[in-house]
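Here's the structure we're looking at; comments come further down.
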Amino acid sequence: MNRSPYLSSAPSVSVIMVKVMLALVPAIAAYVWVFGAGILVVLALASVTALSAEALMLKLRNRPIKPFLMDGSALLTAWLLALSLPPLAPWWLVVVGTLFAIVIAKQLYGGLGYNPFNPAMVGYAVLLISFPVIMTHWPAPLELAQAKLSFATQLQYIFGVTNGLSLDAVSMATPLDYLKTQLMLHHTVQEIAVSPQFGLLGARGGELVVGAYLLGGLYLLQQRLITWHLPTAFLGVLALMAGAFYLVDATHFAHPLFHLFSGASMLGAFFIITDPVSGPTTPKGKIVFAAGIAVLTYLIRVYGGYPDGVAFSVLLMNMCVPLIDAWTQPRVFGHTK
Amino acid sequence: MSEVNQETMQETEVKLQPKVFYGEIVQNGLWKQNPGLVQLLGLCPTLAMTVSLVNGFSLGVMTAVVMAASNASVAPIRQWVPTEIRIPVFILIIAALVTIIDLSMHAYLQSLHAVLGIFIPLIVTNCIVLARVEAFAAKNPVTPSALDGFMMGFGLALVLATLGGIREIVGKGTLFSGVDLVFGPAAKSMILTIIPNYHGFLLAILPPGAFIGLASLIATRNWLAQRKAALMPSATLVAH
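Residue numbers (the numbering used here), protein chains in the order written: chain A, 147 to 483; chain B, 5 to 244.
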């Protein structure tokens, strides 16, 4: 809402949330196609946990339960977190992450509209620092897996009744992870990129999910639920930075398109950094915010200890939001600066 | 509050000084004015050293001993210390006492000393030690001062132990790990495994766990105090 005339009324929170979840449906479908139906169980688990935790916290805080539950914000947080987790995440991992996101990152700060940090990313960061091994074990996409995982086997993984099944047998390093470890062994990007988990642009299979995120994101743009500032600045700066490094030394730095189409770039660009509560409000501020996340993400990916850095970058930039908002207040007509 | 009122308050305080209630000192240290949960002093070791119950409690007990000794040493000389330079004098006394503790631990509890490391000498800079010297020992006789120092320190030690215990159980699923550093290798059998086959919840061991844990403890204490106050409303009026 930057320009007059304000003709249409602002859509309610629940309408926005339903549309955002609708925009996630293609990505979920792609996810099921690539990694199997286990993700649906993870999504359901996260949703149930999020709604129960939200209801419990609202009751403890003496707030009306039904209107806040129906706005769908807890559900969306749960979905975003579930989509960031490895598809065979054990059930307790999903529950712990969702509880942290809803109880600590959202409700303890005052509920919807008051949380300074993106709840889904807080949940993700907590899980990543606490359980690094499980969180970096992504199963191989079905087309690459030696033994195809049936839905029943996936359920066994999620609910921990694996009877000696090891996650190592079905997991595979993600391209970002693989690239990082192989670069440390003095291989060049070109040598590394021939290994089977690399696809056309990003991860084999994974890039399909990424494409679906892009599609959902474009729908959000078309519905005017998000403005172009955040995704464009994020993807643009990420591509620029990756491009600059790539031009200097193509053997040690991956192609910019690889950075756009792997990891959480697309999910982040359209669904994570566009969270209206924890992000900045001014158009200029949105560009600064997204550019900051892109720079941090690239630095963490290339020089940091973790394969991907979207979650940490979002949280770090969330801290700067009050400052960014104060700096980028537009000049009011008739007032001098 | 008016100035006159304040002056009369101060006068009554001066008159009341010799009459010290030991029960109140104990109560203040352990609950009402607990350094870790109410005064929020000495947070650096509280947050940094409470990765296990044994770590937290040992550092807390060392702090309590230093506090009792420093309060007891400052109280007898309180009339002769010039007000202008009292802080450096107090700090020198505290530093001397901490050096004694540090060197004795190095001699008799060498492995525990290695674990607690820099945090033993840093007891000097722990503001709760100076706070009690300045606020209590500089105005009161020796015996109540020593008791106050010890009780404040012991209250802090209990908080450190509770926080250490919670972080250890949640983070590693054990309790009393590292007890062999205090009582020798034979005590290793005392280590309890609370949650078998535990994955470990690293966040509880890392610094954020300390902040979240301490915040929960403070919230719990406030909740208990509020509930108590709600049960007897007349008592709170008197207390304030």
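Cβ coordinates follow ideal geometry from the N, Cα and C atoms, glycine included.
Rounded straight-line distance, which links the Cα of GLN302 of chain A to that of ASN464 of chain A | Whole-angstrom Cα-Cα distance: 37 Å.
Going by DSSP, what residues sit across from ALA349 of chain A in a beta bridge?
-> A:PHE344.
Expressed to the nearest angstrom, what Euclidean distance is found between the alpha-carbon atoms of VAL166 of chain A and LEU366 of chain A?
-> Rounded to whole angstroms, VAL166 of chain A and LEU366 of chain A show a C-alpha spacing of 7 Å.
Sorted by chain position, which residues of the same chain lie with C-beta nearer than 7 Å to VAL356 of chain A's C-beta, five sequence neighbours on each side aside?
-> Here the set comprises GLY348, PHE407 and MET412.
Selection of the stretch 97-111 of chain B by Cβ proximity to chain A, strictly under 7 Å = Here the close residues number zero.
Using the beta-carbon of each residue, which ones in chain B are nearer than 7 Å to VAL272 of chain A?
-> In chain order, LEU207 make up the part of chain B whose C-beta sits under 7 Å from the C-beta of VAL272 of chain A.
Closest by C-alpha distance to TYR324 of chain A, when choosing among A:LEU221, A:LEU371 and A:PRO453 | The shortest Cα separation from TYR324 of chain A among A:LEU221, A:LEU371 and A:PRO453 belongs to A:PRO453.
Closest by CA to TYR260 of chain A, which one among A:PRO468, A:PRO476 and A:THR482?
-> Considering only alpha carbons, the answer is A:PRO468.
Segments assigned alpha helix (DSSP H), at least 4 residues, entirely inside the stretch 164-188 of chain B | The alpha helix (DSSP H) runs lying completely inside the stretch 164-188 of chain B and spanning 4 residues or more are 184-187, given in chain order.
Given a cut-off of 7 Å, decide if PRO49 of chain B and PHE123 of chain B are closer than it, judged by their beta-carbon atoms.
-> Taking the C-beta atoms as reference points, PRO49 of chain B is found nearer than 7 Å to PHE123 of chain B.
Starting from the Cα of ALA319 of chain A, find the closest Cα among A:TYR255, A:PRO232 and A:LEU189 and give me that residue.
-> Of the candidates A:TYR255, A:PRO232 and A:LEU189, the one whose C-alpha sits nearest the C-alpha of ALA319 of chain A is A:PRO232.
Check whether the Cβ of SER230 of chain A lies closer than 7 Å to any Cβ atom in chain B.
-> Among the residues facing chain B, SER230 of chain A is not included, as its CB has no counterpart in that chain under 7 Å away.
Residue-level contact to chain B via CB, SER276 of chain A, 7 Å cutoff = At a cut-off of 7 Å between beta carbons, SER276 of chain A contacts chain B.
Can you give the Cα-Cα distance for ARG207 of chain A and GLY40 of chain B, rounded to whole angstroms?
-> Those two C-alpha atoms are separated by around 26 Å.
Cutoff 8 Å; reference LEU442 of chain A; Cβ partners in own chain excluding five residues on either side | Taken in chain order, the residues that qualify are GLY455, PHE458, SER459, LEU462 and MET463.
Test: THR427 of chain A CB closer than 7 Å to a CB of chain E | Here the protein chains are A and B, and chain E is not one of them.
Between LEU255 of chain B and PRO148 of chain B, what straight-line distance do the alpha-carbon atoms span, to the nearest angstrom?
-> The displayed coordinates of chain B run from 5 to 244. Any statement about residue 255 of chain B would go beyond what the structure contains.
Could you list which residues in chain A have their beta carbon closer than 9 Å to that of LEU210 of chain B, in chain order?
-> Taking the beta carbon of LEU210 of chain B as reference, the chain A residues within 9 Å of it are ILE275 and SER276, listed in sequence order.
Where does the unbroken alpha helix (DSSP H) through MET463 of chain A begin, and where does it stop?
-> The continuous alpha helix (DSSP H) containing MET463 of chain A extends over residues 456-473.
What's the gap between the Cα of VAL183 of chain B and the Cα of ILE216 of chain B?
-> Using only the alpha carbons, I get a separation of about 25 Å.
Could you tell me the distance, in whole angstroms, from the CA atom of LEU384 of chain A to the CA atom of ARG447 of chain A?
-> If I take the Cα positions, the gap works out to 11 Å.
Just how far apart, CA to CA, sit VAL93 of chain B and PHE205 of chain B?
-> Whole-angstrom Cα-Cα distance: 45 Å.
For HIS203 of chain B, return the contacting residues in chain A, with the cut-off set at a CB-CB distance below 7 Å.
-> Those within 7 Å of HIS203 of chain B in chain A are PHE277.
Would you check if there are 3 or more beta carbon pairs closer than 8 Å linking the stretch 255-272 of chain A to the stretch 197-204 of chain B?
-> Taking 8 Å as the limit for Cβ pairs, the verdict is that the stretch 197-204 of chain B does not touch the stretch 255-272 of chain A.
Any chance the stretch 272-290 of chain A sits against the stretch 171-191 of chain A, with 3 or more Cβ pairs inside 8 Å?
-> Because the criterion of three Cβ pairs below 8 Å is met, the stretch 272-290 of chain A and the stretch 171-191 of chain A touch.
Would you grab the beta carbon distance between VAL240 of chain A and VAL272 of chain A for me? Rounded to a whole angstrom, and I think it's under 8 Å.
-> That pair is no contact at about 12 Å.
Min CB distance MET147 of chain A to chain B below 7 Å | Model confidence at MET147 of chain A stands at a pLDDT of 49, short of 50, so the residue's coordinates are unreliable and nothing is read from them.
Exposure of MET66 of chain B, with buried meaning 16 or more beta-carbon neighbours within 10 Å = Residue environment for MET66 of chain B: buried (at least 16 other C-beta atoms within 10 angstroms of its C-beta).
Inter-stretch contact (C-beta, 8 Å, three-pair minimum) for the stretch 385-395 of chain A and the stretch 202-218 of chain A | With the cut-off at 8 Å, the stretch 385-395 of chain A and the stretch 202-218 of chain A do not touch.
Leaving out five residues before and five after GLY144 of chain A in sequence, what residues of the same chain have Cβ atoms less than 6 Å from its Cβ?
-> This structure does not reach residue 144 of chain A, given that chain A is present from 147 up to 483, and the question cannot be answered.
Could you check what DSSP says for PRO321 of chain A in three-state terms: helix, strand or coil?
-> Helix.
Enumerated in chain order, which unbroken segments of the alpha helix (DSSP H) with a length of 4 residues or greater are wholly contained in the stretch 208-292 of chain A?
-> Runs of the alpha helix (DSSP H) inside the stretch 208-292 of chain A: 211-216, 219-230, 237-245, 265-276 and 278-281.
Should the stretch 67-80 of chain B be regarded as contacting the stretch 94-103 of chain B, the criterion being three or more beta carbon pairs within less than 8 Å?
-> By the Cβ test, the stretch 67-80 of chain B is in contact with the stretch 94-103 of chain B, since at least three Cβ pairs between them sit closer than 8 Å.
Under the three-state reduction of DSSP, which class applies to THR87 of chain B: helix, strand or coil?
-> In the three-state scheme derived from DSSP, where H, G and I count as helix and E and B as strand, THR87 of chain B is classed as helix.
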